[in-house]
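Residue numbering for the sequence shown follows the numbering used here, starting at 4 and increasing by one per position.
No residue lacks a Cβ here, since even glycine has one placed at the ideal position from N, Cα and C.
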Amino acid sequence: MCHHCVMESVKAGMLSRRSFFKGTIAAAGAAALATALPSRPLFAAEAPKKAEDLTHEIWEQFPTYFGGQQLFIDQKFSHAKDTFNLNEWRISEHTGTHIDAPLHFTADGKSVAELPVEDLIAPLVVIDIRAKAAENPDAQLTPDDIKAWTSANGDLPEGAVVALLSGWGDHVATEKFRNVGDDGKTMHFPGFHVETAQLLIEQPSIKAIAVDTLSLDHGPSPDFIVHNTWLPSGRYGIEGVANLDKVPVKGATIVVGAPKIKGATGGPARIFALV
4 MCHHCVMESV KAGMLSRRSF FKGTIAAAGA AALATALPSR PLFAAEAPKK AEDLTHEIWE
64 QFPTYFGGQQ LFIDQKFSHA KDTFNLNEWR ISEHTGTHID APLHFTADGK SVAELPVEDL
124 IAPLVVIDIR AKAAENPDAQ LTPDDIKAWT SANGDLPEGA VVALLSGWGD HVATEKFRNV
184 GDDGKTMHFP GFHVETAQLL IEQPSIKAIA VDTLSLDHGP SPDFIVHNTW LPSGRYGIEG
244 VANLDKVPVK GATIVVGAPK IKGATGGPAR IFALV
């Protein structure tokens, strides 16, 4: 056989084997993905066309629930001196846009690292109570608000994250985000009503509740009743969500970038919506 013919024969064999292995790997990958993913669709509706950032940028004086500074940044290396930059952080788990894991209000609930990855991608439901919150900063998302949403949009999607849109994210760089009253200690901002938390607990597939304020509970809550009701059910919460007004009330998919820190009761998260 001529040299050229031998080379062509070898190349044909290599291409044939390459095609075989490519097809085999693709088939195996598809099978593994099908096994790993839940049976319900990954996206809330059709394939997304854009992403919307739902995360506030954190800075050292970002407003906090207890009022004190919760982020400290210490520069250890600088580009001018060391040819590279490196900072060391000290940060509270519950700073900025962040997750409340079940462990936050239980003795032995799941830490943020133990949240199943399939619970971090979900259909996003946005319930708009801005009109109510504009009249009363202590407004709460009630079962009637859930009923109004379902009357207009149908049943809550299976496996949803239910988010409260109060408009409070507009105040994040001002004192109104904490909105301390005349007594110098009581805060006034919207949150979930405990009866709403109880209603959503009765729907086992609901994964999380979220707020655009400092707390799942409304500002004047004396006992963290929503935290104490929701988190022990094994679900998580998200606080300080940004830009909920830029996503539809239904049809988006939320992606929660939870930090995987062993034993953490929560943690700052990069959260976005696929629309």
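### Task
Go ahead and label E55 buried or exposed: buried means 16 or more other beta carbons lie within 10 angstroms of its beta carbon, across all protein chains shown.
buried
### Message
Taking the straight line between their C-alpha atoms, what separation do you get for A83 and A134?
### Response
51 Å
### Task
Let me know the beta strand (DSSP E) ranges lying completely inside the segment 137-169, each 3 residues or longer, listed in chain order.
164-168
### Query
Looking only at its own chain, which residues have a Cβ that is under 6 Å from the Cβ of E91, when we skip the five neighbours before and after it?
D77, K79
### Task
Could you tell me the boundaries of the beta strand (DSSP E) in which Q206 lies?
Neither: Q206 is in no beta strand (DSSP E) and is coded neither H nor E.
### Task
Answer yes if the segment 207-227 comes into contact with the segment 138-149, meaning at least three C-beta pairs across the two stretches below 8 Å, and no otherwise.
yes
### Query
Just how far apart, CA to CA, sit K210 and V183?
31 Å
### Task
Identify, in the order they occur along the chain, each residue of the same chain with its Cβ nearer than 8 Å to the Cβ of E198, setting aside the five sequence neighbours on each side.
T145, P146
### Query
Would the beta-carbon of A267 fall within 8 Å of that of E96?
yes
### Task
Would you mind giving the Cβ-Cβ distance between P207 and W171, rounded to the nearest angstrom? I have them listed as a contact below 8 Å.
That belief does not hold up - the Cβ atoms of P207 and W171 are roughly 29 Å apart, past 8 Å.
### Query
Taking only beta-carbon atoms, is D185 less than 8 Å away from chain C?
Protein chain content of the structure displayed is limited to a single chain, and chain C is not contained in it.
### Query
In the DSSP assignment, what residue or residues form a beta bridge with I274?
V259
### Secondary structure of N90, DSSP reduced to three states
strand
### Message
Among P66, L57, H107, K265, whose alpha-carbon lies nearest the alpha-carbon of W233?
### Response
H107
### Query
Whose C-beta lies closer than 6 Å to the C-beta of A252 among residues of the same chain, with five residues either side of it excluded?
A quick correction: the sequence has Val, not Ala, at residue 252. Hits under 6 Å: V129.
### Message
Considering only DSSP beta bridges, list what T232 is partnered with.
### Response
DSSP, once it has assigned bridges, lists no residue as partnering T232.
### Query
Going by alpha carbons, who is nearest to V259 out of A116, H174, T153, I94?
A116
#### Entry: L219 - partner residues in DSSP beta bridges
In the DSSP output, where bridge partners are listed per residue, L219 has none listed.
#### Entry: Cβ-Cβ separation, T86 to A61 (assumed contact under 8 Å), whole Å
In the sequence on display, residue 61 carries Ile and not Ala. Contact doesn't hold; Cβ gap of about 27 Å is too wide.
### Message
Measuring straight from C-alpha to C-alpha, what distance separates V278 and I124?
### Response
13 Å
### Task
Could you tell me which uninterrupted alpha helix (DSSP H) segments, each at least 4 residues in length, are contained entirely in the segment 64-138, listed from first to last along the chain?
82-85, 133-138
### Message
Within 10 Å of its beta-carbon, does P66 have 16 or more other beta-carbons around it, so buried, or fewer, so exposed?
### Response
buried
#### Entry: Burial state of P119, where buried means 16 or more other Cβ atoms lie within 10 Å
exposed
#### Entry: Straight-line Cα distance separating D111 from R273
25 Å
### Query
Whose C-alpha, out of V175, F227, A166, is nearest the C-alpha of W152?
A166
### Task
Using DSSP bridges, identify the partner residues of G336.
Here the chain covers residues 4 to 278 and nothing more, so residue 336 does not appear.
### Query
What residue does the beta strand (DSSP E) around D173 start on, and which one ends it?
No beta strand (DSSP E) contains D173, which DSSP labels as neither H nor E.
### Task
Note down the Cα distance separating A37 from E121, rounded to an integer number of angstroms.
Because A37 sits at a pLDDT of 43, beneath the cut-off of 50, its placement in the model cannot be relied upon, and the following sentence gives the value as read from the coordinates. Computed Cα separation, rounded: 13 Å.
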